[in-house]
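Which chain is which? The protein sequence lines are A and B, in order.
Just so it is clear: in the first sequence, position 64 is 64 by our numbering, and no numbers are missing.
Just so it is clear: in the second sequence, position 260 is 841 by our numbering, and no numbers are missing.
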Amino acid sequence: MSETAKTSGGLEQDRPDADAAAELARQAEAGPAGRAAAPDVTLPVLGFAGMLRWAWTQLTSMRTALFLLLLLAVAAVPGSLFPQRPANPAVVTQYLKDNPDTGPWLDKLQLFDVYSSVWFSAIYLLLFISLIGCVLPRAGHHWKAMRSQPPRTPRRLSRLPEYGALALAADSPVTASSAVEDAARLLKRRGYRVQVRGADTALPSVGAERGFLKETGNLIFHISLIGVLVSVAVGGLFGYRGQKIIVEGDSFVNTLVGYDNFSPGTNFSENQLEPFSLQLDKFEVVFDRESKTHYGQPLDFTAGMTTRDAAGAEPKQQTLKVNEPLSIGGANVYLVGNGYAPVVTVRDGDGNIAHQGPVVAVPTDGAYTSTLVLKVPDARPEQLGFVGLFLPTALENEQGVAFGSDPDPFNPRLYLNSYAGDLGLDEGEPKNVYVLDTAGLRVLNDRTQESGGIVLGPGETFTLPDGLGTISFDGLKRYVALDITADPGETGALVFSSLALAGLCASLFVGRRRVWVRAGTHPDGRTMVEWALLARGEDHRLAAEAAALRKLLEKEWLAGSARPADNGKNGGAGSAGATNS
Amino acid sequence: MPSIDETLGQYSELFILLAAMTFTVALIAFCWDLATASRTLQAVEDRLARQQVPAEAAVGAGRTGGGGAAEGAVETADESLEYAGQRRPAARIGVALSALGTLILAAGVISRGLAAHRVPWGNMYEFCTTGALVVAAVFLLALTRKDMRFLGSFVIGLVVIMLCAAAIAFPTPVAHLVPALQSYWLIIHVSVAVIASALFTLTFAMSVLQLLQARREATAMAGRPDRLAFLRVVPSALTLENVAYRINTVAFVLWTFTVMAGAIWAEKAWGRYWGWDTKEVWSFVIWVVYAGYLHARATRGWTGTRAAWLSIVGYLCVIFNFTIVNVFFSGLHSYSGL
């Protein structure tokens, strides 16, 4: 917001003070009695409407907008200092657990939901109201300005910031009125809007103005920001975002129950989910095997998928990679993670298969050292639980402690502790599948027990103590973690932010300028021309424009003819000034 | 994927070290220039003053300001920033060495890119070295048009800091990119971010000088002695403010584009264009602070010193976003290579 805001906003802001001043002046005139009573009545009585008016002018003033902007910057910072629920709910829960004293207070202050908090929302909503209050009147002014003629020619052009003059020899064919016509034509060609005044008088002049795009751009920028905000809101209302882990060979159908985790928008309805399906056929990874310093760093992840747009539709083979999402059924599918899923079979104490299939292990480092939790509620006579690590390439150090040394499965091993007892899954309360609460359970195997920890290589089976069953490591699969999202506000956000960028460029780099050219005839017969330029707003190229204009005019009138002696910048000015007076 | 050329990578590191040394000598030359140029100016003025005093006494006119350092007037460099006045050999050496350093640094950055078969801005080491190259190149480019040598010791000082940070704090051998960074948006988003940051670096130096110069001008108005004599070769606070504003407008547009391109890439990589990741938060903060700066320039009572402070705060946020956020904050932008 440039100088228009400065003046109009400033004046409006000063209005209450001006009223007070007027009141004081009135009282001063009323005499000593009035002055004596002044302390009681200097506060102007505004009334309710007046208060509203005052609040509105305050809110839409430039100073308030600036204050709100800086406040917004400060208010955004805590969101980077504290874990945020929308991004990391688990970290927030952990934070609350680790800080039982301060945590709840921080939570009350909404420091874990900064960007949807009351205070953050209040700041940006006030800022946008202030913006609207500033932009709407300016749009009105600008609309009028665009349809009006350039302002009248000032009487003394030499007082303006850029001034130039030329004197044309008496024998030149250029007369005062033709000079003004020429100047108007040249200025028009340079993109100015022109108006010739007093063509029949002795001192014809032309008024010209250009650079309306500057204010247009400014308005477009600010209005587009509202558009971006609305687009974000549309995404929040009608979008959705879900997570799904798919192990090689498994598939997923886009229904609410199909997701591991689902965050719908406020106005989301289940009908929005189109019944497409995805199957992970193969997941290939490439690790760096050449570099000495980055040995084992991932170079490529490629998921081969079979997709169907609907239940009975033709299957399609598609490739999903990082940075290359799949677009299907109005949603986008992103590859956001991957890992190993060891295939494990658990037989219970009765000899029945209580669990068989891949178990998703969560990688914790670059060597895919992965944590693994397996809950077997179907085991009899007692429920079984396993917690431990999966190492794709296990090595042991001197103390016999295993560590992962490579992300590829050169020597895959499972290191597990086992537990027996009530897993607490029967109460119907949802439990995190990646965490086993071992508090109420009996330890069957770990390193401190006589039975030792469970160590399994592929194809090996371990027999649990007390005849509670066996566990075997049958094979290894990979899995992908997918994000599936739909955001109907996305296109709007892109369009409006691009418009904002274009508007910003126009408002910062287009110069809004006014030019006046006046011509007259000197008593000695010479045609005197003078011109002046005025910038509205910041314009460091005004001097260059003045020079360009001088060049154009000289080329028009002096090309080929000898330059008159007094055509220097100062000499010309002097003689043209004489014409003026 | 073609193999990494490790030998070329080592040459690249050598080039960058050499460039750092060259820039260090250039920095010394620029500092020497600041220290001596003002002294030379002082000497010239004193001589002029001595010549003028008798003349003025003879005329008996009440002229003030003839001697330059007289009451209320403060000597600053010319507003037009054109090359003029007496020769400044130390500054010339500084510029020449900066040009040499820039060439060596360019060789280092380009050979790094060739060694890795990709753009050389994939980790902190590479942002620092490429960023330093852009800062130095933009500064030299500006020097071809205007006499901004007064900025030399600040800008080249920052270049030296960036190169030292790269070599000491973030050393990373040349390597392939992880899958998350394998996107053409890396080329667009990061290159524009580096250019914007380079421009913010220039305006930061100018805003600091502006504050110093404004203080010096106030001191001179109050008639107290001038303690910051080296600022004689620096233009007036108002000139600095205007030039910094012009550069900041360009940098702000580029930063806006950086944030937008980052959002588009985020949509491609993570399925959302904005998620308040720590890096996104700080990019937003930077954007808002510089937006505040642009508004401050159009608000009564906020131009001049206050606007300069906003520009400085904005740059501190840029530095914070690049160093602290990359190294100590967890987030999706964890690519520092550390």
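Beta carbons are placed, not taken as given, at the ideal position from N, Cα and C, and that holds for glycine.
Discussion item. Run through chain A and tell me which residues come within less than 7 Å of Tyr854 (chain B), C-beta to C-beta.
Written reply: What Tyr854 (chain B) touches in chain A: Glu490 and Ala493.
Practice prompt. Assign Pro381 (chain A) to buried or exposed, taking buried as 16 or more other Cβ atoms, counted over all protein chains shown, within 10 Å of its Cβ.
Written response: The residue in question, Pro381 (chain A), is exposed, as its Cβ has fewer than 16 Cβ neighbours within 10 Å.
Discussion item. Give me the chain A residues within the contact set of Gln763 (chain B), using Cβ-Cβ distance strictly less than 9 Å, ordered along the chain.
Written reply: The contacting residues are Leu299, Asp300, Lys321, Val322 and Asn323.
Item to complete: Verify the CB distance criterion: does Cys134 (chain A) have a CB-CB separation below 8 Å to chain B?
Response: No, Cys134 (chain A) lies away from the interface with chain B (no Cβ there is under 8 Å from its Cβ).
Worksheet item: Any contact of the region 255-273 of chain A with the region 711-722 of chain B, i.e. 3+ C-beta pairs under 8 Å?
Response: Counting C-beta pairs closer than 8 Å gives fewer than three between the region 255-273 of chain A and the region 711-722 of chain B, which falls short of the contact rule.
Practice prompt. Flag this pair as yes or no: are the beta carbons of Leu444 (chain A) and Ser418 (chain A) separated by less than 8 Å?
Written response: The Cβ atoms of Leu444 (chain A) and Ser418 (chain A) sit closer than 8 Å to each other.
Worksheet item: Taking just the CA atoms, how far does Thr830 (chain B) sit from Gln243 (chain A)?
Response: Spanning the two alpha carbons is a distance of roughly 41 Å.
Fill in: Outcome for Ser327 (chain A) when other beta-carbon atoms lying within 10 angstroms are tallied against a minimum of 16
When all chains shown are included, Ser327 (chain A) counts as exposed.
Worksheet item: What separation, rounded to the nearest whole angstrom, lies between the Cα atoms of Leu24 (chain A) and Gly804 (chain B)?
Response: Note on Leu24 (chain A): pLDDT 39, under 50, position unreliable in the model; the coordinate value appears next. The alpha-carbon atoms of Leu24 (chain A) and Gly804 (chain B) are separated by roughly 39 Å.
Item to complete: Flag Met602 (chain B) as yes if its beta-carbon sits less than 8 Å from any beta-carbon of chain A, otherwise no.
Response: No, no contact with chain A.
Worksheet item: What are the start and end residues of the alpha helix (DSSP H) that includes Tyr706 (chain B)?
Response: It spans Met705 to Arg726 - the alpha helix (DSSP H) in which Tyr706 (chain B) sits, taken as one unbroken run.
Worksheet item: Mind pulling the chain B residues with CB within less than 8 Å of Glu284 (chain A)?
Response: Result: empty, since nearest Cβ-Cβ is about 12 Å, beyond 8 Å.
Practice prompt. Indicate the three-state DSSP secondary structure (helix, strand or coil) for Thr839 (chain B) in the structure shown.
Written response: In the three-state reduction of the DSSP assignment, Thr839 (chain B) falls in the helix class.
Worksheet item: Name the DSSP bridge partner or partners of Ala342 (chain A)?
Response: The amino acid occupying residue 342 (chain A) in the given sequence is Pro; Ala does not appear at that position. Beta-bridge partners assigned by DSSP to Pro342 (chain A): A:Leu476.
Discussion item. Would Thr485 (chain A) pass as an interface residue toward chain B - the criterion being a Cβ-Cβ separation below 8 Å?
Written reply: Closer than 8 Å to some Cβ of chain B, the Cβ of Thr485 (chain A) qualifies, so yes.
Item to complete: Look at the Cβ atom of Ala184 (chain A), then the Cβ atom of Val194 (chain A), and state whether they are nearer than 8 Å.
Response: Yes; because the gap between Cβ atoms is below 8 Å, this pair is in contact.
Item to complete: For chain A, find out if any of its Cβ atoms is closer than 8 Å to the Cβ of Pro583 (chain B); answer yes or no.
Response: Taking Cβ atoms only, chain A never reaches closer than 8 Å to Pro583 (chain B), which makes this a no.
Discussion item. Under 7 Å, CB to CB, which of the residues in the region 730-763 of chain B have a partner in chain A?
Written reply: If you check each beta-carbon in the region 730-763 of chain B against every beta-carbon of chain A, the ones closer than 7 Å belong to Pro754, Ala756, His757, Val759, Pro760, Ala761 and Gln763.
Worksheet item: Under 8 Å, do Lys349 (chain A) and Leu468 (chain A) count as touching if we go by C-beta distance?
Response: Looking at the sequence provided, one finds Gly at residue 349 (chain A) rather than Lys. At the C-beta level, Gly349 (chain A) and Leu468 (chain A) come within 8 Å of one another.
Item to complete: Please compile the residues from chain B whose C-beta is within a distance smaller than 7 Å of the C-beta of Asn332 (chain A).
Response: In chain order: Gly852.
Discussion item. Given a cut-off of 8 Å on the beta-carbon distance, is the pair Ala844 (chain B) and Trp855 (chain B) in contact?
Written reply: With a cutoff of 8 Å on beta-carbon distance, Ala844 (chain B) and Trp855 (chain B) are scored as near each other.
Item to complete: My understanding is that Val359 (chain A) touches Tyr434 (chain A), with C-beta atoms under 8 Å, so please give their C-beta distance in whole angstroms.
Response: Between Tyr434 (chain A) and Val359 (chain A) the Cβ distance is about 10 Å, and since that is not below 8 Å, they are no contact.
Worksheet item: Does DSSP classify Asn907 (chain B) as helix, strand or coil?
Response: Look at Asn907 (chain B) here: in three-state DSSP terms it is helix.
Worksheet entry | Under 8 Å between C-beta atoms of Lys375 (chain A) and Gly385 (chain A) | Yes. Within cutoff.
Worksheet item: Should Glu290 (chain A) be flagged as near chain B, meaning a C-beta pair shorter than 8 Å?
Response: So yes, Glu290 (chain A) belongs to the interface.
Worksheet entry | Phe48 (chain A) burial status per 10 Å Cβ neighbour count (16 or more: buried) | Per the 10 Å Cβ criterion, exposed.
Worksheet entry | Whole-number beta carbon distance between Gly330 (chain A) and Ile492 (chain A), since they are thought to touch under 8 Å | The amino acid occupying residue 492 (chain A) in the given sequence is Gly; Ile does not appear at that position. Gly492 (chain A) to Gly330 (chain A), Cβ: 15 Å. No contact.
Item to complete: Could you spell out where the alpha helix (DSSP H) holding Tyr95 (chain A) opens and where it closes?
Response: That run of the alpha helix (DSSP H) goes Pro89 to Asp98.
Practice prompt. Grab the span of the alpha helix (DSSP H) containing Asn582 (chain A) for me, first residue to last.
Written response: Since the first residue of chain A shown is 1 and the last is 581, residue 582 (chain A) is not available in this structure.
Discussion item. Within 10 Å of its beta-carbon, does Asn907 (chain B) have 16 or more other beta-carbons around it, so buried, or fewer, so exposed?
Written reply: Label assigned to Asn907 (chain B): buried.
Item to complete: Please list the residues of the region 44-66 of chain A that have a C-beta atom closer than 8 Å to any C-beta atom in chain B, keeping them in chain order.
Response: Answer set for the region 44-66 of chain A: Met62, Arg63, Ala65 and Leu66.
Worksheet item: Of all Cβ atoms in chain A, is any one closer than 8 Å to the Cβ of His876 (chain B)?
Response: At least one CB of chain A lies nearer than 8 Å to the CB of His876 (chain B).
Worksheet item: Of all Cβ atoms in chain B, is any one closer than 8 Å to the Cβ of Tyr240 (chain A)?
Response: So, not an interface residue.
Practice prompt. Determine, using beta carbons only, whether Ile129 (chain A) and Leu69 (chain A) come nearer to each other than 8 Å.
Written response: Between Ile129 (chain A) and Leu69 (chain A), the CB-CB gap reaches or exceeds 8 Å.
Discussion item. I want to check one thing, is the minimum distance from the CB of Val230 (chain A) to the heavy atoms of the ligand FMN below 7 Å?
Written reply: The ligand FMN is absent from the structure shown, which contains no ligand whatsoever.
Discussion item. Let me see if you follow: with CB-CB separation under 8 Å, is His540 (chain A) close to chain B or not?
Written reply: It does; some Cβ of chain B falls within 8 Å.
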